[in-house]
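A.B. asks: The structure is given below, and queries will be raised subsequently.
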Amino acid sequence: MGECVYFDEAFERLTRLQELELAEIDVNMFKAINNQLINDGCGLFRGRQILPFEHLSRFQNDLID
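Here the working numbering = 1-based position in the sequence shown + 43.
Okay, structure coming up:
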C-alpha cells in the first residue's frame with residue numbers, strides 16, 4: 044500500500060464493504076439472514092455476496108438479439 048492512491052482508496056472501500064452486516068441493512072430489494080444466507084426475492088442463496096438482482100441481468104441463453 045502507498046504506491047498507488049487509486050488502489051489504496053479502492054482497497055479501503057472494499058474492506059469497509061466486507062465488514063457490513065447485511066442482516067442489519069434495511070432495504071426493500073433484499074433481505075439477509077446473515078452475511079452468507081440472503082433472500083433476493085427469487086429465493087435464498089448461499090455463498091458469494093452478489094448485488095441484488097445481479098443474476099437476473101445475465102443472458103438466459105447464448106442467443107443475443
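Each residue gets a CB set at the ideal place from its N, CA and C atoms; glycine is no exception. The model shown is predicted, which means the values in this text are computed figures rather than measured ones.
Does the beta-carbon of Asp108 have 16 or more other beta-carbons within 10 angstroms, so that it is buried, or is it exposed?
C.D. replies: Summary for Asp108: the model assigns pLDDT 48, below 50, so the residue's position carries little reliability; its value from the coordinates is reported in the next sentence. Result: exposed.
A.B. asks: For Leu63, which of helix, strand or coil comes out of DSSP?
C.D. replies: Looking at Leu63 - three-state DSSP - the assignment turns out to be coil, as it is neither helix nor strand.
A.B. asks: Can you check DSSP and say which residues form a bridge with Ala75?
C.D. replies: DSSP, once it has assigned bridges, lists Ile81 as partnering Ala75.
A.B. asks: So Leu65 and Ala75 are in contact, right, with Cβ under 8 Å, and what is the actual spacing, rounded?
C.D. replies: Confirmed, Cβ separation roughly 3 Å.
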